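A short worksheet on the structure shown next.
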Amino acid sequence: MKRVPGLTGNEHPIGVFDSGVGGLSVLREIRAVLPHENLLYVADSGHLPYGNKPAEYIEQRALTVGRFLLSRGAKAIVVACNTATAAAITVMRAEFRVPVIGMEPGLKPAVALSKSLVVGVLATEGTLKSAKFRDLVGRTTEKVEVIAQACPGWVEQVELGDLGSPATRDLVRRYTEPALERGADTLVLGCTHYPFLAGLIADVAGPDVHIVETGSAVARHLRRRLEADGLLTRRMAPGVELFWSSGPAEVTGRSLAVLWPGVHRVQPLPAGFAAGD
Ligand code: DGL
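Converting from the sequence shown to our numbering requires adding 611 to each position, the first position being numbered 1.
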């Protein structure tokens with residue numbers, strides 16, 4: 612396979628993408644630990660959801676969006692999506708020379724926190740069916756019961772910026788309760804959209820249930836990796852964020868207004884990168 616050379620240099624931006632706006636839950640953690648870096652964000656909303664699509668389709672999208680980020684000079688790529696990481700990180704690392712950082716449901720920290728030894732993993736169907744997830748569960752040596760729970764509809768509510776309507780509350784209750792009823796005292800948010808629903812999940816689960824998300828761990832991992840590769844920016848000015856969407860830019864813009872308050876422009880992803888495979 613021909614490798615795409617990536618332009619690397621300290622002052623190049625970091626590229627981040629997700630199937631939609633869920634990856635903003637990771638972007639905010641990256642912004643918190645890397646305040647001076649310039650960040651590029653692609654919401655692949657024209658192809659959302661990834662969670663119920665074949666792995667080959669997601670692989671093609673991840674490679675296409677990755678090539679776009681490299682064309683904009685990304686010095687590293689963060690796959691801010693558990694589903695895309697499970698489907699595509701191996702091929703991305705084979706094709707791209709820049710560091711490619713991915714997501715993984717935080718099963719290990721959850722097992723460490725759980726007293727009931729029952730852990731619920733809330734994620735997309737694609738993540739839960741993947742070989743990577745099977746491996747992750749297989750690597751868990753502790754005697755713990757892992758309840759894998761898909762949560763259809765959650766991603767769509769977050770995309771709408773609807774984080775609190777009765778419809779969203781009902782959907783959250785529907786897919787949070789089964790793991791609780793089976794004794795889970797720890798819930799892993801294995802999809803980057805779900806941290807935006809963490810308040811509602813906590814309302815259902817109550818104060819004694821741990822909720823584990825991995826955005827901040829991934830952001831710290833990214834910082835360590837850039838540091839090790841000598842790629843951290845030397846600028847002291849605050850970094851900026853640029854946003855693209857492969858879906859209708861005004862729709863992504865409306866969700867951004869809720870999930871990433873501030874003034875920004877969402878640019879349409881250029882046609883060659885936005886179209887399907
Ligand atoms: N945000 C993505 C994840 O972390 C998936 C959303 C989707 O189904 O598109 O898995």
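A virtual CB, placed ideally from N, CA and C, is assigned to each residue, including glycine.
Nothing here was measured: the structure is a model prediction, and the numbers come from that model.
Query raised in the report: Quick one: does the C-beta of P789 sit closer than 6 Å to a heavy atom of the ligand DGL?
Result: P789: no, Cβ never under 6 Å from the ligand DGL.
**Report entry** Cα-Cα separation, R784 to H804
**Finding:** Answer to the nearest angstrom: the Cα atoms are 16 Å apart.
Report task. Would you kindly work out how many angstroms separate the C-alpha atoms of A705 and A759, rounded to a whole number? Result -> If I take the Cα positions, the gap works out to 29 Å.
**Report entry** Inter-stretch contact (C-beta, 8 Å, three-pair minimum) for the segment 739-749 and the segment 829-842
**Finding:** Contact between the segment 739-749 and the segment 829-842 is absent, because fewer than three Cβ pairs lie under 8 Å.
**Report entry** Selected residue, minimal CA-CA separation from V644, among G826, E736, Y668
**Finding:** The candidate whose alpha carbon is nearest that of V644 is G826.
Query raised in the report: If you pair each beta-carbon of the segment 616-635 with each one of the segment 784-798, do three or more pairs fall below 8 Å?
Result: Because the criterion of three Cβ pairs below 8 Å is not met, the segment 616-635 and the segment 784-798 do not touch.
Report task. Please look up how many angstroms separate the CB atoms of L843 and N621, rounded, as I've assumed it's under 8 Å. Result -> Between N621 and L843 the Cβ distance is about 6 Å, and since that is below 8 Å, they are a contact.
Query raised in the report: Just curious, the alpha helix (DSSP H) that T863 is in, first and last residue?
Result: Its alpha helix (DSSP H) spans residues 860-870.
Query - Y786: CB within 6 Å of a non-hydrogen atom of the ligand DGL - result: If you check the C-beta of Y786 against the ligand DGL, you find no heavy atom less than 6 Å away.
Report task. Counting only the same chain and skipping the five closest in sequence on each side, list residues whose C-beta sits under 8 Å from that of R865. Result -> Counting only Cβ-Cβ distances below 8 Å, and skipping sequence neighbours, we find G772.
Query raised in the report: If you draw a straight line from the C-alpha of K726 to the C-alpha of T752, how long is it?
Result: Their Cα atoms are separated by approximately 15 Å.
Report task. Compute the beta-carbon to beta-carbon distance between L635 and W871, rounded to the nearest angstrom, for a pair I have assumed lies under 8 Å. Result -> Between L635 and W871, the beta carbon gap of about 5 Å places them in contact (Cβ cut-off 8 Å).
Requested in this report: For V653, collect the residues of the same chain with a Cβ closer than 6 Å to its Cβ; drop the 5 residues on either side in sequence, then sort them by chain order.
Outcome: In the same chain as V653, and ignoring 5 residues on each side of it, the C-beta atoms closer than 6 Å to its own belong to F628, V676, W855, in chain order.
**Report entry** Collapsed DSSP secondary structure at P777 in the structure displayed
**Finding:** Note: P777 maps to helix in three-state DSSP.
Query raised in the report: According to DSSP, is V877 helix, strand or coil?
Result: Strand at V877.
Query raised in the report: Would the C-beta of T694 count as close to the ligand DGL, meaning under 6 Å from any of its heavy atoms?
Result: Proximity of the beta carbon of T694 to the ligand DGL is indicated: a heavy atom of the ligand is located closer than 6 Å.
Query - Residue nearest to V769 in terms of C-alpha spacing, selected from T696, S630, H623, V829 - result: Cα-wise, what sits closest to V769 is S630.
Query raised in the report: Any chance the CB of V766 is under 6 Å from a heavy atom of the ligand DGL?
Result: For V766, the Cβ falls inside the 6 Å cut-off from some heavy atom of the ligand DGL.
Report task. Report, in whole angstroms, the separation of the C-beta atoms of V632 and T863, which I expect to be a contact under 8 Å. Result -> Right, their Cβ atoms sit about 7 Å apart.
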